[in-house]
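K.L.:
Pasting in a structure now, in structure tokens, and then I'll have a few things to ask.
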Amino acid sequence: MQAPPLAIHGIHHVAIITADYPRARDFYHRILGLPIVSETWRAERASWKLNLALPDGSQLELFSFPAPPPRPSRPEACGLRHLALVCKQLEPVRAALQQQDVVCEEIRLDELTGQRFFFCQAPDQLPIEFYECAP
């Protein structure tokens, strides 16, 4: 017997742990332009928690913790492989990132979907994919 479908409506948030909170905060807020929903210093954990809004209503949660272990490899380690963000046109996004000295890979074509995409490297070696989807 098959289980009944769950009433899942989408992603609420994606959590990221950073070793360099000021640098990561700057990247996601200033460079990517994600608005800050809330920012909290949690003294009992010696940790910042920053909530950033995505245009679809979901959020990124950015955490700082004392001495987090490094990412084991890129990008095939267990856990989050990469974060993919949707954009309508890749070229202006890529150009804006490069103007902020963010190293971006060349634009590629997804052989399975026919959609274009590229990656950049966020703080803490997290790969960020920008995936072009026409409106």
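Going by this note's numbering, the sequence shown opens with residue 13, and the numbers climb by one from there. The C-beta atom is built at its ideal place from N, Cα and C for all residues, glycine as well.
1. Which residue marks the beginning of the alpha helix (DSSP H) containing P34, and which one marks its end?
2. Taking buried to mean at least 16 other C-beta atoms within 10 Å of its own C-beta, is Q71 buried or exposed?
3. Run through the DSSP bridge pairs and tell me what L10 is partnered with.
4. With which residues is R128 paired in a DSSP beta bridge?
5. Quick one: give me the first and last residue of the alpha helix (DSSP H) that P139 is part of.
6. Do V98 and Y143 have their CB atoms nearer than 9 Å?
7. With 16 as the cutoff for other CB atoms within 10 Å, does S76 come out buried or exposed?
8. Apart from the five residues on each side of it in sequence, which residues of its chain come closer than 6 Å, Cβ to Cβ, to C8?
9. Mind reading off the beta-carbon distance from I48 to L66? Whole number of angstroms is fine, and I expect it under 8 Å.
10. Using only the alpha-carbon positions, how far apart do H25 and G45 sit?
11. For T30, is the classification buried or exposed, using 16 other Cβ atoms within 10 angstroms of its Cβ as the cut-off for buried?
12. Is the beta carbon of L102 less than 9 Å from the beta carbon of L138?
P.N.:
Considering the structure as presented:
1. Residues Y33 to R37.
2. By the C-beta density criterion, Q71 is buried, having at least 16 other C-beta atoms within 10 angstroms.
3. A question about residue 10 goes unanswered here, because the residues of the chain that appear run from 13 up to 147.
4. Its beta-bridge partners are L121.
5. For P139, there is no enclosing alpha helix (DSSP H); the enclosing beta strand (DSSP E) covers residues P139 to E144.
6. With contacts defined as CB atoms closer than 9 Å, V98 and Y143 qualify as a contacting pair.
7. Per the 10 Å Cβ criterion, buried.
8. Past the edges of the chain, shown from 13 to 147, lies residue 8, and the structure says nothing about it.
9. Between L66 and I48 the Cβ distance is about 12 Å, and since that is not below 8 Å, they are no contact.
10. Those two C-alpha atoms are separated by around 17 Å.
11. When all chains shown are included, T30 counts as buried.
12. The answer is no: Cβ separation not under 9 Å.
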